[in-house]
Amino acid sequence: AQQGVFYTVDSNGDEPRLKLLASYAYKERKHVDNVFKLGEGLVGQCALEKQKILLTNVPSDYIQITSGLGEATPLNVIVMPVVFEGQVKAVLELASFERFNSTHETFLDQLTESIGIVLNTIEANTRTEDLLKQSQSLAKELQSQQQELQQTNQELGEKAQLLAKQNTEVETKNQEVEQARRALEEKATQLALTSKYKSEFLANMSHELRTPLNSLLILSDQLAKNADENLTARQVEFSKTIHASGNDLLALINDILDLSKIESGTVVVDVGEIPFRSLQDYVERTFRHVAELKKLGFQLEFAGSLPGALRTDVKRLQQIIKNLLSNAFKFTDRGQVSFAISPAQSGWSPDHPQLNRAPLVVAFTVRDTGIGIPSDKQQIIFEAFQQADGSTSRRYGGTGLGLAISREIARMLGGEICLTSEPGEGSTFTLYLPIHYISTGQPRLSSPAASLYGEHPALLIDVEPEAQAPAEAAEALIQDDRDNLRNGDRILLIVENEPTFARYLLDMARERGFKAVVASRGSEALTLVHQLQPQAITLDINLPDVGGWRVLARLKEDTLTRHIPVQIITTEEEQGLGLKLGALGIISKPIRDRETLDRVFTRLNDHLNHTVRPVIVVGEEESHRAVVIDLVAGNDTTIRAVEGVHAAAELTKEQACALVIIVVQPGDIRPLSALEELRSDASLDVVPMIAYLTADPTPEQEELLTRLARCGAFKDVRSPARLVYEAALILHRNVQQLPTARRQMIEHLHDPKRTLACRKVLLVDDDIRNIFAMTSLLERHGMQVLTAETGRTALDTLEDSPDVEIVLMDIMMPTMDGYDTMRAIREIECFQGLPIIALTAKAMKGDREKCIEAGASDYISKPVDAEHLLSMLRLWLHR
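Encoded structure:
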């Protein structure tokens, strides 16, 4: 009998394959006797070597072949590997009672080969079956995912349709928005064009009004001065009345331009404090005589519950009150006019943003018993150029600007004007204002509780040009030292229109040993300077009557006051202009820390305590430097001479310098070019510099001088007298203490008879009245006046009279205006350096820049101030 045993062999540690074979054996009901590893036992060794192993003469106790009939020991045992494609699939072990011959072995070899194929097939089929099951499972999952994907795609399709619909709607809306945008652009263009036309109209109307006003004011002023002493006292009085009426007309023109400024939003609120008592005095003083002339009752009512003062733009408030009271008296023939001030709880618009959040609202009420205003006219009277009675046969005159301006100013101050009126019974105008100004935009004042050394409220006030609290209010609020002055006191004159800030400067001045006097108006300041002869001055530029720049110019033109150091404190960014005019320094409001003012007073003290100031003279030739040094040297200066501009610049960085004088030789542009290169250094902008030209400049030099004059404190002079004058101005020298020769040089410059006599001037103006007035003024000072009424005539006159020394050029002229005429003059080589002073009555923003770009040397607005014109003529004729 023969017995075969099926063994599973782990040929390469592939346990999954072992399990697969064991599973197969189980399915085929084959008994798996053992599991061998490679090299373990005969089976393992056969699997490892892939060779059959034949055992003969097997011991009797090795193995027994058993059957149902009996058992016996086999004679031979053969172990054979089942190999498929070089890989052992199994091992077959056979035992026999007989010997295995070659035939048996051959048969067994073929059998094992077949078994290998079967086993591999079974393994492959089993794997295929498993993979099929996996594939079917994956197919089911894929089908499920496909169904989900189809559902998602369907939803996406619906959303895409919705999105397409929305895109269509968006495109439609975009088209509508684009159409609306284009419509807005067209309207904006139309508004801009309308605004341009309006500005041009106001400018042209200003010109048309100012042109005759110019001659009226000049001639009436000349008559009022009675220089020839051939007028009677009554005739002089008539002349003064004419001059005053001309000033009233000028105020009307300013109102027209003021309305334009308000509408364009360019007016800045000047916040100040005024006691109600001062406001009462102002109303009483201004309108009491009006009531007496018209024989009307005039009552003033001030509630006892009012606080001490009101904080707002005082000038603008007075403007509203004046307009309302003027209208009340104008439209009232019998009865009375009353003016009352009291706290208010209501009466204004319910949704007013400023009044509703104000801690206290004050009502200014003007009542009259006049003609009254119909209800259908009560709105239009607040529109510009509108009146309740606009017919040509109207009884009452006026422009219709007062209420329009008042309404806009009230809005600007955070308030409102309300009206109640009945025809034949009178009218009541009520102005509601917050007790403390509340800005409609960003607040201009810090919190009152702010630290003095942080943001002091008085230091953060932004001041509007030509706006200020009245002098009466300032005097009521400020107790200065004018009544306590003694010989030897160091006097500081504070020229400031804002009372709070003036008080702050007053306190700082006293802390530093000054006796201080406060002036709120330019005219008052000029008077006090001559009366007190202060040691120093702080000057605000934005003054109500005489502008600060003009005050500074008059101080520096007067030989008795030009040496007084002036510190400018202003809202205007004109550092270079202030230094050119002779100011000691300039700082800009708002001032955000006390240290800035500390430096101001330190500078004033240093200037007064140190009488020796360093001066640098720049020039390549020693002889030229010696001439300049001889003209400017004195006990109050230490002079250092250097050859180049760069060396001078290095010296100014090492030590503070009061003045740099640069000698410019004929045709030499090197020092000017070097100076222009150094102008990028901001530290040099505060160093006053004078270019002294020893001969007339070439066109290249003139171009460089023009560019340099636009930045920093730079001047050019072309005569020794002018050099002495400008150096004395910058060094703050007292003219009366200069050597005789130098003092006479300066006095000659200020003597009109010496400066202007026999000098030839071309006056270009298309208005014969202006020509007559200006000619009368200039000929009185001995000038030879040539006239031209058109730009073309002016060019012809210059060709016929090339010895003209200066030109006064009107801007508004027919055919060829002043701009074109100046450009044409500058194109003629021999007239490129000819001084041209532009005269214009337009008085609009940007006119000065346009004139300078067109070729003007300087600019004066009409009506012309005679003294200012003569001063400018002296300046340019001595260059």
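All the letters of the sequence shown, read from the start, carry residue numbers 11 to 889 under the numbering used here. By construction, the Cβ of each residue, glycine as well, lies at the ideal position given by its N, Cα and C atoms.
By Cβ distance below 8 Å, which residues in the same chain neighbour residue i in space, the five residues on each side in sequence not counted?
i           : result
residue 666 : 624
residue 668 : 623, 624, 625, 647, 698, 740, 741
residue 298 : 308
CB-CB under 6 Å to residue i, same chain, minus the five flanking residues each way: which ones, in chain order?
i           : result
residue 658 : 626, 628, 652, 670
residue 799 : 776
residue 375 : 350, 440
residue 861 : 848, 869
residue 373 : 352, 354, 440, 442
residue 388 : 429
Looking at the unbroken alpha helix (DSSP H) that takes in residue i, where does it start and where does it end?
i           : result
residue 566 : 558-567
residue 55  : 51-59
residue 86  : That residue, residue 86, is in no alpha helix (DSSP H); its beta strand (DSSP E) goes 86-94.
residue 412 : 412-422
residue 834 : 828-836
residue 887 : 876-887
residue 598 : Where residue 598 is concerned, there is no enclosing alpha helix (DSSP H), although the beta strand (DSSP E) it sits in stretches over 595-598.
residue 304 : 286-304
residue 734 : 730-740
residue 709 : 709-719
residue 759 : 750-759
Around the Cβ of residue i, are there at least 16 other Cβ atoms within 10 angstroms (buried) or fewer (exposed)?
i           : result
residue 726 : buried
residue 457 : Low local confidence applies: a pLDDT of 29 at residue 457 is under 50, so the model's placement there is unreliable, and no value is given.
residue 56  : buried
residue 789 : exposed
residue 258 : exposed
residue 139 : exposed
residue 540 : exposed
residue 524 : buried
residue 519 : buried
residue 189 : exposed
residue 303 : exposed
residue 98  : buried
residue 344 : exposed
residue 511 : buried
residue 749 : exposed
residue 341 : buried
residue 101 : buried
Compute the beta-carbon to beta-carbon distance between residue i and residue j, rounded to the nearest angstrom, for a pair I have assumed lies under 8 Å.
i           : j           : result
residue 538 : residue 527 : 6 Å
residue 550 : residue 557 : 10 Å between Cβ atoms; not a contact.
residue 734 : residue 702 : Not really, about 11 Å apart at Cβ, beyond 8 Å.
residue 714 : residue 687 : So it is not a contact: roughly 11 Å between Cβ atoms.
residue 617 : residue 743 : Rounded, the Cβ-Cβ distance is 12 Å, inconsistent with contact.
residue 770 : residue 813 : 6 Å
residue 568 : residue 423 : Residue 568 to residue 423, Cβ: 39 Å. No contact.
residue 377 : residue 436 : 7 Å
residue 87  : residue 118 : Contact doesn't hold; Cβ gap of about 12 Å is too wide.
residue 419 : residue 326 : 5 Å
residue 447 : residue 321 : 6 Å
Which residue comes first and which comes last in the beta strand (DSSP E) that contains residue i?
i           : result
residue 321 : 319-322
residue 819 : 816-820
residue 309 : 307-312
residue 578 : 576-580
residue 701 : 699-703
residue 432 : 426-432
residue 848 : 846-850
residue 346 : 346-354
residue 374 : 371-378
residue 726 : 724-727
Against chain B, with Cβ distances strictly below 8 Å, would residue i count as a contact?
i           : result
residue 839 : Going by chain labels, chain B is absent from the structure shown, which holds only one protein chain.
Take residue i and list the residues in its own chain whose beta-carbon comes closer than 7 Å to its own, dropping the five residues that flank it on each side.
i           : result
residue 883 : 766, 816
residue 792 : 763, 766, 767, 768
residue 481 : In this prediction, residue 481 scores a pLDDT of 41, lower than 50, which makes its location untrustworthy; no coordinate-derived value is stated.
residue 795 : 771, 773, 785, 788, 789
residue 681 : 628, 655, 672, 674
**Q.** 3 or more residues per run - each beta strand (DSSP E) lying fully within the stretch 776-812
**A.** Within the stretch 776-812, the complete beta strand (DSSP E) runs of at least 3 residues are 794-798.
Q: Starting from the N-terminal side, write out each stretch of the alpha helix (DSSP H) that is 4 residues or longer and does not extend beyond the stretch 473-551.
A: Entirely contained in the stretch 473-551, the alpha helix (DSSP H) runs reaching 4 residues are, in chain order, 481-487, 509-521, 532-542.
Q: Could I get the ranges of all uninterrupted alpha helix (DSSP H) runs contained in the stretch 602-687, with 4 residues as the minimum, in chain order?
A: Within the stretch 602-687, the complete alpha helix (DSSP H) runs of at least 4 residues are 604-619, 632-642, 655-664.
Q. Enumerated in chain order, which unbroken segments of the alpha helix (DSSP H) with a length of 4 residues or greater are wholly contained in the stretch 104-129?
A. The stretch 104-129 contains no whole alpha helix (DSSP H) run of 4 or more residues.
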